[in-house]
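Take the position in the sequence shown, starting the count at 1, then add 1; the result is the number in my numbering. No residue lacks a Cβ here, since even glycine has one placed at the ideal position from N, Cα and C. Quick caveat: nothing in here was measured; it's all calculated off a predicted structure. Just below is one structure, and these are the notes that go with it.
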Amino acid sequence: MSKQAFAVSAAIVLAAACSATHATTYNAAADFSTSNNPNGVWSFGGQTSLGGAFTAFSVNGTTSGFDFWHYGAYGYLGYLGAIHNGTGSAINWGTVVLDPGQLALHPGAGAGDYSLARFTAPTAGMYTFSANFIGQDYIIGTTTDVHLLVNNVSVFDGLVNGFLATASSGTFAMNLAAGDTIDAAVGFQAGSFYGDTTGLDFNVELVPAPGPIALALLAIAPRRRRRS
Numbered sequence: 002m003s004k005q006a007f008a009v010s011a012a013i014v015l016a017a018a019c020s021a022t023h024a025t026t027y028n029a030a031a032d033f034s035t036s037n038n039p040n041g042v043w044s045f046g047g048q049t050s051l052g053g054a055f056t057a058f059s060v061n062g063t064t065s066g067f068d069f070w071h072y073g074a075y076g077y078l079g080y081l082g083a084i085h086n087g088t089g090s091a092i093n094w095g096t097v098v099l100d101p102g103q104l105a106l107h108p109g110a111g112a113g114d115y116s117l118a119r120f121t122a123p124t125a126g127m128y129t130f131s132a133n134f135i136g137q138d139y140i141i142g143t144t145t146d147v148h149l150l151v152n153n154v155s156v157f158d159g160l161v162n163g164f165l166a167t168a169s170s171g172t173f174a175m176n177l178a179a180g181d182t183i184d185a186a187v188g189f190q191a192g193s194f195y196g197d198t199t200g201l202d203f204n205v206e207l208v209p210a211p212g213p214i215a216l217a218l219l220a221i222a223p224r225r226r227r228r229s
């Protein structure tokens, strides 16, 4: 068999072997629970300083069509918490609009009151992850500082300034141990926390380990090249 033919055959078999093992994907909005926090790999809560102690939100409910989690200090949205539109239509509430299925975080009033969506790795492995933040206040205009942290250490810092303004982390790939955490965090930047509802698209994927066929092909390929 020629080198080119072998390479093509190996690629076909390798693709088939990899396709048999699918990546496990997680999305903070799609996996949002109206009754449990934590819920599987996801939890929502706050930190009084970025990378500090995490305290999960303990009060849940629904208001104006939004599902929410917060600490319960206030009976309405607009303070430290997480909100989600679980309906099939866009919802306008006050100065905020969320699309169907969209998740948003709102920082607290105190300096360093960060609102977080936390992913906890269920098993060791290679993970890819990304977060996209977007301003959701169409009257006041969102002004937030946004962050992505791994085990409480920031790997991305950005700013959202204005309605529909975005800050995107890009995609990271890291080996994580079971129990390691990835946090998407939102703070109120340097001004007021009013109007700081920030949409969040937070995706994590556990990359499957190569199966035995793929590993065998990877082992054979160097020997085949040496013989050619």
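Would you call the CB atoms of residue i and residue j closer than 9 angstroms?
i: F157; j: N28; result: no
i: A174; j: Y128; result: yes
i: G46; j: F33; result: no
i: T198; j: L106; result: yes
i: P101; j: G89; result: yes
i: Y139; j: V205; result: no
i: F120; j: Q137; result: no
i: G96; j: D68; result: Here the sequence assigns Thr to residue 96, which means Gly is not the residue at that position. No, Cβ-Cβ distance for T96 and D68 is not below 9 angstroms.
i: N133; j: T144; result: no
Alpha carbon to alpha carbon, what distance is there between residue j and residue i?
i: W70; j: V147; result: 19 angstroms
i: G196; j: I141; result: 5 angstroms
i: S44; j: N93; result: 25 angstroms
i: A31; j: N40; result: 12 angstroms
i: A91; j: F194; result: 23 angstroms
i: G111; j: L160; result: 18 angstroms
i: A83; j: A210; result: 34 angstroms
i: A185; j: V151; result: 9 angstroms
i: N86; j: A54; result: 28 angstroms
i: G62; j: N153; result: 28 angstroms
i: G66; j: T26; result: 27 angstroms
i: N37; j: L149; result: 23 angstroms
i: Q103; j: T64; result: 15 angstroms
i: N176; j: Y80; result: 35 angstroms
i: L117; j: A178; result: 21 angstroms
i: H23; j: V42; result: 18 angstroms
i: T244; j: V60; result: Here the chain comprises residues numbered 2 to 229, so residue 244 is not present and cannot be evaluated.
i: G76; j: T56; result: Here G76 scores only 44 on pLDDT, less than 50, and its place in the model is too uncertain to base an answer on.
My guess is that residue i and residue j are in contact by the Cβ rule of under 8 angstroms, so how many angstroms apart are they, rounded?
i: G188; j: Y72; result: Going by Cβ atoms, the distance from G188 to Y72 rounds to 16 angstroms, so no, they are not a contact pair.
i: G180; j: A122; result: 6 angstroms
i: L207; j: G126; result: 5 angstroms
i: I135; j: T167; result: 5 angstroms
i: S131; j: S170; result: 5 angstroms
Among all the DSSP beta bridges, which residues are the ones paired with residue i?
i: H85; result: D68 and L104
i: G188; result: D146
i: V156; result: In DSSP, V156 forms no bridge with anything.
i: Y27; result: V205
i: G136; result: T199
i: Y115; result: Q48
i: A57; result: G46
i: S169; result: N133
i: V183; result: Checking the sequence, you will find Ile at residue 183 rather than Val. Bridge partners of I183: F120 and V151.
Less than 8 angstroms between the CB of residue i and some heavy atom of the ligand FAD, yes or no?
i: D68; result: With respect to the ligand FAD, the structure offers nothing, as it holds no ligand at all.
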